[in-house]
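Working notes, beginning with the structure itself.
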Ligand SMILES: Cc1ncc(C[n+]2csc(CCOP(=O)(O)OP(=O)(O)O)c2C)c(N)n1
Ligand SMILES: Cc1ncc(C[n+]2csc(CCOP(=O)(O)OP(=O)(O)O)c2C)c(N)n1
Ligand SMILES: [Mg+2]
Ligand SMILES: [Mg+2]
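Residue numbers (the numbering used here), protein chains in the order written: chain A, -8 to 368; chain B, -8 to 368; chain C, 556 to 892; chain D, 556 to 892.
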């Protein structure tokens, strides 16, 4: 198998309103940039910490790591309005709390899910937004504007499209970002839904995290085009490519797509080139070291989003060389990294979530038979 | 609704082996060209005659007319080898007998279906290849190399792909042409199957008859790209556009795609621009005159494939001006056209089929419960 | 006061007109209602059930969808999540298989998964049933798939009155409903009837007794109800008094009416045109066997489609389907047991 | 003589190893056999059922498919049309809904539509069943959908011996088979067993009696067979002798073994973990009610999943599923009727 993996080709697609030569990122303040950096740490810490919790025996279930793909989540979500919707999948667990996370992470008017709710879900407790009726990333909430996915890959894209149709009729200006793996773009529903969205110019942005592997299947066995973004051409919509390791490049491309969508021009696909650092889930970590060539793994992990972001901030002069070396999570796996490798507010934030989850009770057994139907009496 | 309809843009796609400047049609003999002309008449006559049979009360059921789209069937099928496969749909009824129809139409070694078998199917008689178990175009046969479709649009494309995979493993060099309407390209299975064929470079040619309408839905409500051929870009395969009124242009484009497929380079899509002359089925004829603008209908019917083909033959000097005016089917609908408007061998050929069908008995009632399973005793 | 343009407000109405009136009236009542499907707008629907809807309510609310059933269902789910009530038409109910995952896994479970936060007022309706020479893919009764998929209500009216009242009820129910319309009844003259001038709905889970009797109970729904009614007439001539129950809704099922009838007749025949194995006829028999066992004086009998596809040509089609004759024979066998 | 590399030829084997052996042996026997599915090659399958197959038989015959279930089924149909025998894996049986149309309308009917010209030796297999905390989409038993779709055989083994013998039988049957494997049994130590050295298949339509008894018949399949066996042990302590029947294949169904048992016990409990309505438990009860009515001294009872999805968290999951306790209670109720 000879493939280029983890390489990112940023193609400028002329959909951003070119009134100026500014990229979306150029409008970000220093605080915004530092906040994004912090969020990359937060996403990484969530991943690292959950694995530790599992190793400690305090957590059960399969974990689908977003390690090495955090820049995609942070970059894609950072520019959204609180009224925008998202639809994350298995590998996007941090998306649930990253949505609408800015400034004071605990501000009461936040629309996104709190870390407490997300942890209650991970631990299967009643305070999960879905009362732990379905597992892992299968949570959602109308009030928090997150589509509640099934397991069936790409299955939320038509829901996102219909939802945006309704929002437009309701006079809203929301955009919906759906996240998908590159493997999932082979599903028929991916095609049906984006085609429909294209016909009706619905504001649906499909972010494809091309991490080169779909479980044990490499990209080229699922797709014959060099870039997933090419799929967009079949629908007559823009297909952008972002460097998935670079939170600012993701931000640029997704924001162009979001702006395009919000201004009524319709859907687009943003492919973020990245690499799945570990197994498909943690049960697959060992195997994934065997079925994937070592060189590929090493190359794919080489550009840690933490390091890429730090370098940008250094170049911008937003952090000093000293500040750049305060935390050392970069390049470390879950066993190597410790709490000291992360900003303390990140650790605190998640601690609070986990504390909360551990105290939240299990739902009562009878809830299993509840809410099959809306009662009409 | 402002759209250009029935216009054909022949784009030269560089997939034909360019060892010479010859187009596939340039290798056709004079007899071949005259045979194709005859086949266009035959396809038209089949359509006209069935409508007459129904009006006469000798035939029941819905008829899906291929009127005005005959050049696509003849042009696409003419260059196939007897070992190639096809998968026609509702609007392609003549394809069943056109496949492998050359020279002596009654030659005993033909692999395609005989007109007798096709008529037995139309009349629902036991001598239909499917013993009249399913209706209209839902016939097929392994020995005759025709995939047996269901009603579910685009549903045979994965079957064609799997079949070609098997054929390749079996050492064959077959190609399979699947026919589809432009509306059917919105189906998820269209995407899944072509994507799979593209990954494995399977010799599947998808001919899309873009007749501008899917039942009562115009093209632009089913597809956001200007050309269906654009769908090919999403799979990284060639997408060709043919003038669906011109049997030789269809032949050229489909043969390029077939050659591409046969030489191991994989699938492609050939969009044939045409126009559905009448209703979706004959039950829809009256309505179709209302839900479609008159100018559009007139423009769409203007370039009758019979006339286009005749002109080419005249230009080539293959027929004389006198010969060109022997038959007058061109531009006539089923009520206007008579047997005298068609070459006598065409009329005779179909007559024989109808005679046969009318004498073929109905299958026995008990057959309804047979062949649910292969018996294993 | 019918909202349907060009439909007389008095006079007997056929089944498809009843459907159409329900749609027009609900669209009028509920500005948040949307209709979508293949060819429902410009064409007005393959069977005309939505004829005039686009002209009256515009293309925002009446959507001609691409030929993509999974997307039709999935986007309906999204519309509902966005606060809309949705009627999504399957051009033929047979094509629902193409949208199957979105129905059973996405739509049916949304309310459950959100622990009740989100309702799914989505009605999937379409023409169903055999006896019309529609062959394998234009004849199906595939309701059992959905009865076995928790979270869906399943409805099958047999009269214009029921069709209108149940459809309006479904569009106000707030749950995903699978609405099986019997296309062979759409324009059947014999069953035309006067419809109430006033707004009405029919509650789910209430069967209708179509013919009273004392010797044997015939339970059915949809088109087969008429076979049962004819069978009851035949049986009457033979001195057997048959009660005909039209269950109208499968999920929820009105068990009481069935049990009460069997308590009286002590004999049960269930008739439907779906394949036998795991069909709803068997479900009814299972419920009776479990909960009304003592009432039965003879084995219950199913008259269903054989476990075959629906073949095209008439003799074959009729061979595999329930018929008046088969029902009469079964009833006689039962009462003579 | 096992063909599986690195698997000892003696010693007790677990359920997934039995599946694996069946696949290796049939691939060896039949050069026209092809295996396809998501992640079955390079990875060796999500549960390792195809581990080593790619290395041994190459990527022509062992195909890592795109994530597209409808295409996996449709192309399997095409392969069969091209003379191949196909094993197509669904990574979890839950995802089969995405390929539903191709199964019930294309694959299941091909033989029928061609009046027997074309056989469809295609086995769709995949891990099924609940009790493992897999939640809504990794726990389903959706076999009833397929039992209601003519043209499909439906198989569900509960032991390694059966898994191997039935899978080999399915791969030689020549008809499309839906093969439900119980993932919670894949590596269950307690049920490991010695497998015959020689080639064997198990005929379809032959139930197995897992425990003999005289007072009540417990009919089941798949994982619930073990609940029934445990219930039989509990019941024995309470002085009730239960017979446990494992039907093994649903289509075709071995009615005789069930009827013979009921003729002896006069009491019937049917247990399965699919949703109740239109599930196969009801089908068994319907067949018994129709054909072995006189044998029953008490109403038959279904113990099934409630008509709900399978929720994730343990207490909720167990609440909606059959349990030993529920079976014991039902059996007691039945014999005391
Ligand atoms: C319809 C469907 N088929 C199969 C699966 C099983 N499955 C879960 S994740 C996965 C791989 C997904 O790969 P990709 O889309 O690239 O996302 P990634 O895991 O790499 O983020 C598969 C096959 C599924 N969840 N849904
Ligand atoms: C899956 C599926 N959905 C819907 C239909 C109903 N249907 C039959 S033909 C047709 C229109 C097809 O349009 P197009 O693909 O453009 O082919 P054309 O009839 O124009 O040749 C529709 C909607 C079907 N047969 N299958
Ligand atoms: Mg991936
Ligand atoms: Mg068309």
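Where is the CB? At the ideal position from N, CA and C, for every residue including glycine.
Between the C-alpha atoms of residue 766/D and residue 291/A there is a straight-line separation of about 56 angstroms. Around the beta carbon of residue 367/B, fewer than 16 other beta carbons sit within 10 angstroms, so the residue counts as exposed. In the DSSP annotation of this structure, the continuous segment of the beta strand (DSSP E) that includes residue 230/B starts and ends at 230 to 234. Of all residues in the segment 215 to 229 of chain B, the ones placed with a Cβ closer than 8 angstroms to any Cβ belonging to chain A are 215, 216, 217, 221, 222, 223, 224, 225, 226, 227 and 228, in chain order.
For the C-beta of residue 38/A, not a single chain C residue is nearer than 7 angstroms; the gap to the nearest is close to 24 angstroms. Cβ proximity to chain C below 7 angstroms picks out nothing from the segment 81 to 104 of chain A.
When DSSP states are grouped into helix, strand and coil, residue 597/C belongs to the coil group.
Taking the C-beta atoms as reference points, residue 183/A is found nearer than 9 angstroms to residue 626/C. Residue 350/A and residue 653/D have their C-alpha atoms roughly 38 angstroms apart.
Contact between residue 252/B and residue 195/B holds, with the beta-carbon distance rounding to 7 angstroms and staying under 8 angstroms. In the structure shown, residue 756/C adopts coil according to DSSP, grouped into three states. Per the DSSP secondary-structure output, residue 183/B pairs with nothing in a beta bridge. Residue environment: residue 757/C is assigned as buried (16 or more neighbouring CB atoms within 10 Å of its CB, all protein chains considered). Judged by their CB atoms, residue 699/D and residue 865/D are not nearer to each other than the 9 angstroms cut-off. Sequence-distant Cβ neighbours of residue 863/D in its own chain, meaning closer than 8 angstroms and more than five residues away, are 830 and 875. The closest heavy atom of ligand 4 lies less than 8 angstroms from the beta carbon of residue 267/B. Proximity of residue 73/A to chain D, defined by a Cβ-Cβ separation below 9 angstroms, is not satisfied. In this structure, the C-beta of residue 187/A stays at least 8 angstroms away from each heavy atom of ligand 2.
Taking a contact to require three or more Cβ pairs closer than 8 angstroms, the segment 151 to 169 of chain B and the segment 193 to 212 of chain B qualify as touching.
Measuring C-alpha to C-alpha distances from residue 710/C to each of 736/C, 691/C, 727/C and 703/C identifies 736/C as the nearest. Residue 647/D carries a coil assignment under DSSP once its states are collapsed to helix, strand and coil. If you draw a straight line from the Cα of residue 24/A to the Cα of residue 649/C, it comes to about 54 angstroms.
At least one CB atom of chain B sits nearer than 9 angstroms to the CB of residue 639/D. Taken in chain order, the complete alpha helix (DSSP H) segments of 4 or more residues contained in the segment 77 to 141 of chain B are 86 to 89 and 106 to 113. Taking C-beta separations shorter than 7 angstroms and ignoring five residues to either side along the sequence, the partners of residue 738/C in its chain run 602, 682, 683, 684 and 687, following chain order. By the rule that beta-carbons nearer than 9 angstroms mark a contact, residue 771/C does not touch chain D. Annotated three-state conformation of residue 346/B is helix, per DSSP. At a beta-carbon threshold of 7 angstroms, the residues of chain A lying near residue 670/C are 121, 122, 124 and 362, ordered along the chain. Shown in chain order are the members of the segment 692 to 709 of chain D whose Cβ falls below 8 angstroms from a Cβ of chain C: 692, 697, 699, 700, 702, 703, 704, 705 and 706. In the structure shown, the three-state DSSP call for residue 74/A is coil. Residue 189/A has its alpha-carbon roughly 48 angstroms from the corresponding atom of residue 354/B.
Note on residue 205/B: 16 or more other CB atoms within 10 angstroms of its CB, so buried under the neighbour-count rule. Along the segment 45 to 64 of chain A, there is no position whose C-beta sits under 8 angstroms from a C-beta of chain B.
Taking each of 65/A, 82/A and 155/A in turn and checking the Cα distance to residue 90/A, the smallest one comes out for 65/A. Comparing alpha carbon positions, the residue from 775/C, 786/C and 669/C closest to residue 800/C is 775/C.
Taking a contact as a CB-CB distance under 8 angstroms, the pair residue 139/A and residue 669/C counts as one, their CB atoms being some 6 angstroms apart.
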